[in-house]
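> Submitted below is the structure of interest, expressed as structure tokens.
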């Protein structure tokens, strides 16, 4: 059986070289040195050496995980993916994940809560978008729902949705009122707000002022298309202008009226 004849500190802090029978054998971390109570003169058989080296692999992975977690909260899946870039040993990765979870350095519920708070404060997204993002990170459904219920109740969703809707209506104020409303509704859907909440939001933000500029807008838009299709025969010119105005969301009665004025 071989003996440890030298324990040499590396330049890298917390790393040591182990010599067996005066020959360099393998490196270890300070954690392994302490946990295995390694000392000069200690006898080491092949099995013990293998256990030490396996423990060192886990220790290195653990330290890499700590560095990865130092900058921001991460989900379990994110840490697994990061460690998988370093090794394909799933058992060792699982050991590191469990150690981090036991130390409360890795907690998907806390991650979900933090993510929801951040989105609510900064991103103006609905709960659907939040669910999608957290599901991509393999957060459990119950953790997602608990975080949303706690930090993003429906009352908050409505208030944030109203801000989104008001900004969108303002952005589309030169559109027909119906078109502006439709685009606003679509924006809310894309941002992850659910149908019931969208209906409440639209009822609160849409009033007669949304449609008050329709006559001015249809006049401007109709004149643009009437001019654009000036080379067409009169019938085609009328039809193309009508179609363009209809696609823009103007009502049929208003379209007929403005075409009669232009023609």
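Residue numbers (full-length UniProt numbering): 1 to 263. Every residue, glycine too, gets a C-beta built ideally from N, C-alpha and C.
Under 6 angstroms Cβ to Cβ from residue 126, same chain only, skipping five residues before and after it: list those, please.
191, 192, 193
> Measure from the alpha carbon of residue 195 to the alpha carbon of each residue in 35, 128, 103, 110, then state which is nearest.
128
> If you draw a straight line from the C-alpha of residue 199 to the C-alpha of residue 220, how long is it?
31 angstroms
> Quick check on DSSP: helix, strand or coil for residue 13?
Secondary structure of residue 13 (DSSP, three-state): coil.
> By the DSSP assignment, the alpha helix (DSSP H) with residue 70 in it spans what residues?
Here residue 70 belongs to no alpha helix (DSSP H), and DSSP marks it neither H nor E.
> Among 93, 68, 77, which has the Cα closest to the Cα of residue 58?
93
> If I follow the unbroken beta strand (DSSP E) through residue 27, where does it start and stop?
From DSSP, the beta strand (DSSP E) with residue 27 extends over 23 to 29.
> With a threshold of 8 angstroms, are at least 3 pairs of Cβ atoms found where one atom belongs to the segment 111 to 123 and the other to the segment 133 to 147?
yes
> Let me check understanding here. Comparing Cα to Cα, which of 50, 172, 228 lies closest to residue 249?
For residue 249, the closest alpha carbon among the candidates 50, 172, 228 is that of 172.
> Going by Cα to Cα distance, which pick from 189, 46, 152 is closest to residue 122?
152
> Is residue 5 helix, strand or coil when you go by DSSP?
strand
> At the level of alpha carbons, what is the spacing between residue 20 and residue 105?
Straight through space, the alpha carbons of residue 105 and residue 20 are spaced by roughly 36 angstroms.
> Would a C-beta distance cut-off of 8 angstroms place residue 1 and residue 54 closer than the cut-off?
no
> Mapping the DSSP letters down to three states, classify residue 144 as helix, strand or coil.
helix
> Please give me, in chain order, every unbroken run of the alpha helix (DSSP H) with length at least 4 that falls completely inside the UniProt domain "RecX third three-helical" (213 to 259).
214 to 228, 234 to 247
> On the three-pair Cβ rule with 8 angstroms, is the segment 73 to 81 touching the segment 24 to 38?
With fewer than three CB-CB distances shorter than 8 angstroms, the segment 73 to 81 does not count as touching the segment 24 to 38.
> Here's the rule I'm using: 16 or more other beta-carbon atoms within 10 Å means buried, otherwise exposed. How should residue 108 be labelled?
buried
> With residue 218 and residue 258 assumed to form a contact (beta carbons below 8 angstroms), what rounded beta-carbon distance in angstroms separates them?
5 angstroms
> Would the beta-carbon of residue 201 fall within 8 angstroms of that of residue 162?
Result yes, Cβ atoms of residue 201 and residue 162 sit closer than 8 angstroms.
> Cutting at 7 angstroms between CB atoms, please list the residues of its own chain near residue 80, excluding the five before and the five after it.
The answer, listed in chain order, is 93, 97.
> Determine, using beta carbons only, whether residue 262 and residue 222 come nearer to each other than 8 angstroms.
yes
> For residue 9, which residues in the same chain have their Cβ closer than 7 angstroms to its Cβ, ignoring the five residues on either side in sequence?
Its chain contains 16 as the residues whose beta carbon lies nearer than 7 angstroms to that of residue 9, once the 5 sequence neighbours on both sides are disregarded; these appear in chain order.
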